[in-house]
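Just below is one structure, and these are the notes that go with it.
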Amino acid sequence: MSSTILGAAAPAAGTAKAALEIRGLSKSFPIGGLFSREFVRALHGVDLSLGRGEIVALVGESGSGKSTLARCVARLEKPSSGQILLDGVDVLKRDRFQASRAYRSQVQMVFQDPFGSLNPAHRIEHFLRRSLAIHGKAGSATATQARLEELMATVGLQPDMLNSYPHELSGGQRQRVAIARALAVEPQVILADEPTSMLDVSVRIGILNLMRTLRDEQGISMLYITHDLASARYLADRTAVMFAGELVEEGESLDLLANPAHPYTQLLVSAVPDPARSGSYDPVRRAELRAAVMSPASCAFHGDPEQPCSAEQPVRHRVGSPENRHWVRCHLYRPAAGTAGHALAEAKVS
Amino acid sequence: MTVSQVSFGSHEPVLEVKDLTVKYVGDTRSTTAVDRVSFSIGTGEIFGLAGESGCGKSTIANTIMRLLKDPAKIAGGSIRFGGKDVLAMGPEELRRFRWQDVAMVFQSAMNSLNPVLTIGEQITDIYTTHAGYSRKESLRRAAELLELVRIDPVRLKSYPHQLSGGMRQRAVIAMAVALKPSLLILDEPTTALDVVVQQEIMAQIKELQHELGFSVLFITHDMSLMVELSHRMAVMYGGRIVETAKAADIHTAPQHPYTQALMGAFPPLTGPRIPLTGLADGVKFHNIPDLAEVTPGHFVAPFAATDTASAHNSAAACGPATSPALLEGAAR
Chain A
69 MSSTILGAAA PAAGTAKAAL EIRGLSKSFP IGGLFSREFV RALHGVDLSL
119 GRGEIVALVG ESGSGKSTLA RCVARLEKPS SGQILLDGVD VLKRDRFQAS
169 RAYRSQVQMV FQDPFGSLNP AHRIEHFLRR SLAIHGKAGS ATATQARLEE
219 LMATVGLQPD MLNSYPHELS GGQRQRVAIA RALAVEPQVI LADEPTSMLD
269 VSVRIGILNL MRTLRDEQGI SMLYITHDLA SARYLADRTA VMFAGELVEE
319 GESLDLLANP AHPYTQLLVS AVPDPARSGS YDPVRRAELR AAVMSPASCA
369 FHGDPEQPCS AEQPVRHRVG SPENRHWVRC HLYRPAAGTA GHALAEAKVS
Chain L
149 MTVSQVSFGS HEPVLEVKDL TVKYVGDTRS TTAVDRVSFS IGTGEIFGLA
199 GESGCGKSTI ANTIMRLLKD PAKIAGGSIR FGGKDVLAMG PEELRRFRWQ
249 DVAMVFQSAM NSLNPVLTIG EQITDIYTTH AGYSRKESLR RAAELLELVR
299 IDPVRLKSYP HQLSGGMRQR AVIAMAVALK PSLLILDEPT TALDVVVQQE
349 IMAQIKELQH ELGFSVLFIT HDMSLMVELS HRMAVMYGGR IVETAKAADI
399 HTAPQHPYTQ ALMGAFPPLT GPRIPLTGLA DGVKFHNIPD LAEVTPGHFV
449 APFAATDTAS AHNSAAACGP ATSPALLEGA AR
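Sequence order for the protein chains is A and L. Just so we're aligned: the first sequence equals residues 69 to 418 in the numbering used here. Just so we're aligned: the second sequence equals residues 149 to 480 in the numbering used here.
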C-alpha cells in the first residue's frame, strides 16, 4: 500500500484560512481525593482545524473526550496545555483566566439538552434579548424587535413564539431557540454538542438541515459533536474520529466512512445499523478489529523506510489521494488510555 | 382479514393483542395512550414496535406484563398469550406468567440491578424463587447463564458497579431468559449504550433467540436498528398503529407519510448524500382510521393526500429548503 507520512504534528491541510485552530490541546482531570496526584487524561495532543464556513464532525464513543474538547474550546474548562487559535490569535494566551466577551461573541455553544439549557421562568424573547444586550447588539426598541423576529424566522419559528415559555415548546422547537440564542451574537463558530440526541427522531433531521443552511447562508463554521456516524456523514464536510482522548483518523466525511483505515473507525462503522448494507459484519472480523484496537500488532501503512511507524509517537499517514485530506494515525501507536470506563475496555474481560 | 391473522410464516401466534385501548384517567380529562391496537407475534418471530416518545409503545409493553398502575386503565380489547386470557389472570397466575412465560428487559435496565447484591445472588434468586432449585444447582445454572451471554462466571461475585454498562445490560438479558420464556419484551434495550456495545447486545439477542427459539417484542425509536433485527414491524403514532408489514417492506416501500418521515430521519451510511426532510415540528395526524391491506401482509391506515402535502410544506417552511445542489456543495 502506498502511503505518505505527514509527520508527527503536521497540521491538517487548509489551515491557511482556518477560522479556529486547535493545536496540541491536552486536558487532565485529577481523580481521587484532595491530595491525590492521579490524573485522567481526557485529551492528549489534539490538533484540529475548522475552516471558514466548514462543518467538522467529531465522532467517538462516550468517554472518548469529544465533549471535553468542546468544553475546552468554549472555555468552560481550562486546558492543561495547548493552543486555541481564533483568527490566528492564541486566545488561551490573550485571555488567560476566562474567556473575554469578545471571544464569546465569536464562539458560541449549543448544548445537548434543550430542556435544561433554557430557564423555565422566562419567555423565549428574554433569552434572545439578553444575548443581544450583553454583547452590545441591541439597537433601538424597534430595531431590536425586528432583529428578534428575524432570528426566529432564521431558525424556522413563528415570531409569536417569542411570548411563549419553554415548556410550551416541543424539544425540536426549544433546540431551535437555543440555536437562535447562539446566532443572536453573530458568531463565527458554533460548537454543537450532540444537538439532536435528546430530540425525537422525526425532528432531528430538521435541526441538521437548519445547521447546514446557517453555514451556507451565513458562513458560520461548526464543530458538530456526535456519536451518530450517519448524521456526521449527512452534515459534515470533514469528520474526525476520537478515541481515548486522541484523534485517530480524519478526512472528508464521505471518504472516511467509505474507506475507514483505523481499526477503531472500522469498528465504529461496522456497528452502525444500516439496513441498506448487505449482511452485518462477521463476528470473527469484529473480534480481530477489537484486538487491533486494544493491542495493535502491526500497522497497515508500515513500509516507509524513511519514517518508520512508531509505538511511542503518533504518526499520521495519508490515506488515498491528497484532496480527501484523509489521514490515519499509526495503528501501532497506543494512547496511554486514561479514559475511565471506556466501552472497549471490557473486551479484555469478556 | 384482520391484522392479527397475519403472522410470520405459518406459525401459530404466541401473543395476540386485539383492539387494545388504554387510557390514563384524570380528574377532569383522560388521555387515550393506546387506541384500538391489534397485532400478533408468531413463534420465534421478532416483532418490532416503532414510534416516538409518547406514542404508547411502552404502555403496550407494560399492559402485556400487567404492570399498569393508576391512573392507567385498560378500557377495552383483549390480550391472549398461548390461548390464555392475560387480562383475566389472578395474582398467582400472573406471578407464574411473568418471567416464566414472558420476560421483559426495561429501558436502561442495567440500572435496575440491585447495587448491594452481587450478580450471582441476583441470578440465583430467580432460580430459587421461580423454579425451586437448590442453592447449589442455582449457582451452577447462573454460571451457565453468564457464559451464554459471554461473561466470565467469576463475575458472579461482582457487584453491578464493577461491571461496565454493556456487561450489566447483558447480565440483565441473561436474567430475562433464565427461565426460558416463550416471549421476551425488549423496551429500548440499547438506548443508553454506545454504538459498538449496542451492536454486540443486538447480536447477542439474535444469537440467544436462535438458540432458545423465543419470540421477541422489540420496542425502539431507531428504525435502522429495528429493520435490521425484526421480521415484522408496526409503526405507532398517537396510540394508533399507522402501518404494519414485513420489516424489509417497510424499509423499501414505506406507505404512510409518518412512516416515511421516520425512515427519512435516519441518514444512510452508504450511497449518495441526499437531502432528507423528516417530519416538521407541529405536523399532526388526527383521527387515524383502521388499517387496510394494500399489498399482501402490508397494512396501512388510510390517509388523505393532504396529510402528505402538509407534512412536506411545513417541512419546507420549517426545515430550510435544502436543494440537492446545496448538498452537492457540501460534499465538495
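Using N, Cα and C, we set each Cβ at its ideal position, and we do this for glycine too.
Residue burial classification, residue i (beta-carbon count within 10 angstroms, cutoff 16)
i, result
"T136/A", "buried"
"G207/A", "exposed"
"T150/L", "Because T150/L carries a pLDDT of 43, less than 50, the predicted location of this residue cannot be relied on, and the following value inherits that uncertainty. T150/L is exposed by the Cβ-count criterion."
"Q176/A", "buried"
"L168/L", "buried"
"A457/L", "At A457/L, the pLDDT of 41 sits below 50, so the modelled position is not reliable; the number obtained from the coordinates is stated separately. Flag for A457/L reads exposed."
"F103/A", "exposed"
"L265/L", "exposed"
"A459/L", "Note on A459/L: pLDDT 44, under 50, position unreliable in the model; the coordinate value appears next. Looking at its Cβ environment, which holds 16 or more other Cβ atoms inside 10 Å, A459/L is buried."
"H404/L", "buried"
"S270/A", "buried"
"Q166/A", "exposed"
"T222/A", "buried"
"S201/L", "exposed"
"R139/A", "buried"
"V396/A", "buried"
"C398/A", "buried"
"G101/A", "exposed"
"D183/L", "buried"
"A142/A", "buried"
"L400/A", "buried"
"A440/L", "exposed"
Proximal residues of chain L, C-beta to C-beta of residue i below 7 Å
i, result
"P364/A", "What P364/A touches in chain L: nothing, since even the nearest Cβ is about 17 Å away."
"Y302/A", "P415, R421"
"S299/A", "P415"
"D268/A", "E200, S201"
"A336/A", "Inspection of the sequence shows that residue 336/A is occupied by Leu rather than by Ala. Those within 7 Å of L336/A in chain L are V343, V344."
"L186/A", "The contacting residues do not exist; L186/A stays about 16 Å from chain L at best."
Chain-ordered neighbours of residue i on chain A, where CB pairs are closer than 9 Å
i, result
"A393/L", "None at all; the shortest Cβ gap to chain A is about 14 Å."
"L410/L", "V269, S270"
Under 9 Å from the C-beta of residue i: neighbouring residues of chain L
i, result
"E129/A", "D342, V343, V344, V345"
"R272/A", "A413, F414, G426"
"A339/A", "D342, V343, V344, V345, Q346, Q347, E348"
"L325/A", "L417, T418"
Cβ separation of residue i and residue j, assumed to be a contact under 8 Å, to the nearest whole Å
i, j, result
"D342/L", "E129/A", "4 Å"
"D335/L", "Q255/L", "5 Å"
"V165/L", "S186/L", "6 Å"
"G313/A", "R162/A", "So it is not a contact: roughly 26 Å between Cβ atoms."
"A209/L", "L410/L", "The pair is not a contact, with the Cβ atoms about 19 Å apart (cut-off 8 Å)."
"A181/L", "G387/L", "5 Å"
"L325/A", "R306/A", "No, L325/A and R306/A are not in contact; Cβ-Cβ is about 11 Å, not under 8 Å."
"P382/A", "E376/L", "About 35 Å; that fails the 8 Å criterion."
"A351/L", "G313/L", "In fact, because the Cβ distance is near 16 Å, the residues do not count as touching under 8 Å."
"I333/L", "M213/L", "7 Å"
"T294/A", "E317/A", "Actually they do not touch by this definition, with Cβ atoms about 16 Å apart."
Within chain L, partners of residue i - CB distance below 8 Å
i, result
"H295/A", "D342, V343"
"P331/A", "Near P331/A there are no residues of chain L at all, since even the closest Cβ is about 12 Å away, more than 8 Å."
Contact list for residue i against chain A, beta-carbon separation under 7 Å
i, result
"E193/L", "Neighbours of E193/L on chain A: none; closest Cβ ~18 Å, over 7 Å."
"H399/L", "P343"
"S372/L", "P341, D342, P343"
"V375/L", "P343"
"R369/L", "Note that residue 369/L is His in the sequence shown, not Arg. Ordered by position in chain A, the residues that pass the 7 Å Cβ test against H369/L are V269."
Partner residues on chain A for residue i, Cβ-Cβ distance less than 8 Å
i, result
"H278/L", "In chain order: nothing, as chain A lies at least about 27 Å away."
Tell me whether the region 98-114 of chain A and the region 266-278 of chain A touch, counting them as touching only if at least three CB pairs, one residue from each stretch, are closer than 8 Å.
no
Tell me, please, whether the region 168-186 of chain A touches the region 246-266 of chain A by the rule of three or more beta-carbon pairs shorter than 8 Å.
yes
Does the region 166-184 of chain L come close enough to the region 352-369 of chain L that 3 or more CB-CB pairs lie under 8 Å?
no
Pair every Cβ in the region 83-100 of chain A with every Cβ in the region 135-149 of chain A, then say whether three or more of these pairs are closer than 8 Å.
yes
Counting only runs that start and end within the region 309-341 of chain L, where is the beta strand (DSSP E) found for 3 or more residues in a row?
331-335
Decide yes or no for the touch test of the region 389-398 of chain L against the region 218-230 of chain L: beta carbon pairs closer than 8 Å, at least 3 of them.
no
Mind the definition here: the region 283-294 of chain L touches the region 312-328 of chain L only if three or more C-beta pairs lie below 8 Å; say whether that holds.
yes
Along the chain, which unbroken stretches of the beta strand (DSSP E) at least 3 residues long are found entirely within the region 199-240 of chain L?
220-229
Stretch pair the region 230-244 of chain L + the region 312-323 of chain L: three plus CB contacts closer than 8 Å
no
Three or more C-beta pairs below 8 Å linking the region 239-250 of chain A and the region 185-200 of chain A
yes
Could you tell me which whole alpha helix (DSSP H) segments of length 4 or greater appear in the region 295-328 of chain A?
297-303, 321-326
Length at least 4, wholly inside the region 85-170 of chain A: the alpha helix (DSSP H) runs in chain order
134-141, 159-162
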